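For reference, the structure discussed in these notes is given below.
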Amino acid sequence: MSVEVHKEKFVTSVKSNKYEITWVLNDFSAWWDKVKGGQESLRFPSGVDDHVVKWFIIFHPKKSETHSGLYLQAANQTGNLEVYYELTMEDSKRNTIHKKDKKSELKTGDWHKGWGWDKFIGNGELLEAVKPEDQLYIVCKMTTYEGIINESLRENLPEPMPGSLSKDMGTLVEGPKFGDVTILIDGQRFLAYKGILSARSAVFAAMFEHPMQESTENCIAISDVEPRVFMELLRYIYTDQLTCLETMAQKLYQVADKYDIQTL
Numbered sequence: 004m005s006v007e008v009h010k011e012k013f014v015t016s017v018k019s020n021k022y023e024i025t026w027v028l029n030d031f032s033a034w035w036d037k038v039k040g041g042q043e044s045l046r047f048p049s050g051v052d053d054h055v056v057k058w059f060i061i062f063h064p065k066k067s068e069t070h071s072g073l074y075l076q077a078a079n080q081t082g083n084l085e086v087y088y089e090l091t092m093e094d095s096k097r098n099t100i101h102k103k104d105k106k107s108e109l110k111t112g113d114w115h116k117g118w119g120w121d122k123f124i125g126n127g128e129l130l131e132a133v134k135p136e137d138q139l140y141i142v143c144k145m146t147t148y149e150g151i152i153n154e155s156l157r158e159n160l161p162e163p164m165p166g167s168l169s170k171d172m173g174t175l176v177e178g179p180k181f182g183d184v185t186i187l188i189d190g191q192r193f194l195a196y197k198g199i200l201s202a203r204s205a206v207f208a209a210m211f212e213h214p215m216q217e218s219t220e221n222c223i224a225i226s227d228v229e230p231r232v233f234m235e236l237l238r239y240i241y242t243d244q245l246t247c248l249e250t251m252a253q254k255l256y257q258v259a260d261k262y263d264i265q266t267l
């Protein structure tokens, strides 16, 4: 007996999002002289709904007389969130000027507080590094860890092949082989199978079970059924299918009743 096995897989993972943002500042020396206070990048990720946490970079040139500050801040309210972030300044050839990274936890209610460094880089070092193209790249790489996810994945089992039993049994009607009983009807012989007939018909089962002439000689003579009707009856006994019900329904029902084939 075959038993169908249902397989399931349980997967635990950490939901995370990764971002990489580049903020390019052209004409840096002119921009440096003109701006005052912290300068904000555009919000990212762009093109998402309000349920997604957005972020922005804050660059505070001349945070002090000696240093400039660089920070990361959430733009909208969120629950507890663990964040790894890396802030890098690069020159026009994408060579690293200075880089710092940190792992922090953002708690509900603290989303408006930025993370970063007041003394990210010295002012003189930065102004010298952006020469001669006068261009600064600020790169933010970050990963947010939003929680643990448990999933149940049910494997797709292959579809069972369509059964061929009925078709295979139908071959016994047209070309019988290895039969163990002969049914004689109006001079026409039908080679059949005692086991199948007995399983489907209580009348045939009684014939083969008792020491009657039919059971000892393995031959049964039937006189009140047409050969073609009996062939259709055999087809139904073997396959549960009928091909000529429209033309011989009444005759089939009569012979089925005689031989106690209750499903027909």
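Be aware that the sequence shown starts at 4, since it is given in the working numbering, and climbs by one per residue.
For every residue, glycine included, the Cβ atom is placed at its ideal position computed from N, Cα and C.
Quick caveat: nothing in here was measured; it's all calculated off a predicted structure.
Measuring only the C-alpha atoms, how far is S201 from L156? 48 Å
If I follow the unbroken beta strand (DSSP E) through Q76, where does it start and stop? H70 to A77
DSSP three-state call for Q80: helix, strand or coil? Coil, per DSSP.
Sub-8 Å separation of V17 and Y148 beta-carbons: yes
Check S107 in the structure and name its three-state DSSP category. strand
Using 10 angstroms around the beta-carbon of Q257, count the other beta-carbons present and answer buried if the total reaches 16, otherwise exposed. Counting Cβ neighbours within 10 Å, Q257 comes out exposed, since fewer than 16 surround it.
What does a CB cutoff of less than 6 Å around V142 pick up in its chain, not counting 5 residues either side in sequence? Excluding residues within five positions, the ones whose Cβ falls inside 6 Å are T25 and T91.
Excluding the 5 residues preceding and the 5 following M172 in the sequence, name in chain order all residues of the same chain whose CB lies nearer than 6 Å to its CB. Y241 and T242
Nearest-angstrom Cβ-Cβ length linking F211 and K197, presumed shorter than 8 Å: 5 Å
To which residues of the same chain is W34 closer than 7 Å at the C-beta, ignoring the five residues directly before and after it? The beta carbon of W34 sits closer than 7 Å to those of L28, all from its chain and outside the five residues before and after it, given in chain order.
Write down the C-beta distance between L75 and W120 rounded to the nearest angstrom, noting that I regard them as a contact closer than 8 Å. Not a contact, Cβ separation roughly 10 Å.
Exposed or buried, what is E235 when buried is set at 16 or more other beta-carbons lying within 10 Å of its beta-carbon? buried
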